[in-house]
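Data first, discussion second: the structure below is written as structure tokens.
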Amino acid sequence: FTEADFYQQNFDPQAYMKEYYSMSDSREGANVFVMQNLRSLHKMFSLDELRGGTLIDVGCGPTICQLLSACERFQEIIALDYTDQNRQELERWLRNEEGAFDWVPVVKCVCELEGDREKWAEKQEKVRKKVKQVLKCDVTKANPTGPVSLPPADCIVSTLCLESACKDLPTFRSALRNIGTLVRPGGHLVLVTILGETYYAFNKQVFSCLCLEKHEVEAAVEAAGFEVTFSEAQPYEVRNESTDCRAVLSLVARR
């Protein structure tokens, strides 16, 4: 299984984003994947109960997809990731630095889902304003942000993270308990998890994933002290070399 140190040494955020998020005509599979996830996140962050002060993004990677709908519902955002280069890449975009990844096509898609494609610049500005901290985290630790302790948030979102950070089901269940401590009682967990995937690949490198079933994820969420209020698996029909993903699970749960 791909260990954390391998990510730290070998994960190339620019190559990853180019492979999966560039929204170019030549990458039909990647586009389907991104659009499916953007629609799911839009749907979940349109639920009445998902709003509040602080949102923590666990395992943000170098991406902002998971914040584009969320930023309309929360006042401030704290982004967490294990890998130094992912956090640096995200910070480059937040500071609007030259050479940062161009998220405009993705942002426009979300604005279109929300009814006004032309609000993309406003949306980017909102995300940049609301992300207050970008911190290191390790979901396998009892306090994922240790030595820093964060006050419990109103909501945590974790997309495409736990299945690649956890080598087996006990580790996955334990990671959900660990990140569950970051959310206040009555707060929410928003999860986007790949089902039936054993690997994803880009840039001639292969990263392993924990092959999960819907009922296993739901049971792990419940065991971590949450009540599942929304759960929907969408099949992923595209077949290519970059992943053997079978479906994507979107889930909301209340602590």
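Our numbering applies: residue 2 is where the sequence shown begins, and numbers increase by one. Cβ atoms here follow ideal geometry from the backbone N, Cα and C, with glycine treated the same way.
Distance from the Cα of L196 is smallest, within the candidate group D169, T182, A202, C212, for C212. For L42, the closest of N144, F208, L68 by C-alpha to C-alpha distance is L68. Cα atoms of T182 and Y237: separation of roughly 31 Å, rounded to the nearest angstrom.
By the C-beta criterion, the stretch 174 to 190 is judged to be in contact with the stretch 213 to 226, since at least 3 inter-stretch pairs fall below 8 Å. A check of alpha carbon separations from P106 across V35, E217, T194 identifies V35 as the nearest. When the five nearest sequence neighbours on each side are left out, the beta carbons in the same chain lying within less than 6 Å of the beta carbon of E233 are those of S251, in order along the chain. Judged by DSSP in its simplified three-state form, N38 adopts helix.
If you look at S165, you'll find it isn't in any beta strand (DSSP E); it sits in the alpha helix (DSSP H) that goes 163 to 166. A16 and Y22 have their alpha carbons spaced roughly 10 Å apart. Taking a cut-off of 8 Å for Cβ pairs, the stretch 121 to 141 and the stretch 62 to 81 touch, as three or more such pairs fall below it. If you draw a 10 Å sphere on the C-beta of D82, you find 16 or more other C-beta atoms in it, and that means buried.
Counting C-beta pairs with one atom in each stretch, the stretch 114 to 121 and the stretch 140 to 150 have fewer than three that are closer than 8 Å, which means they do not touch. Here E164 is buried, its C-beta having at least 16 other C-beta atoms within 10 Å. Relative to the Cα of L91, the nearest Cα in the group S70, K109, L114, Q125 belongs to Q125.
Linking Q86 to A166 through their CA atoms gives a straight-line distance of about 16 Å. For S150, same chain residues with a beta-carbon under 7 Å away, outside a window of 5 residues either side, are N144 in chain order.
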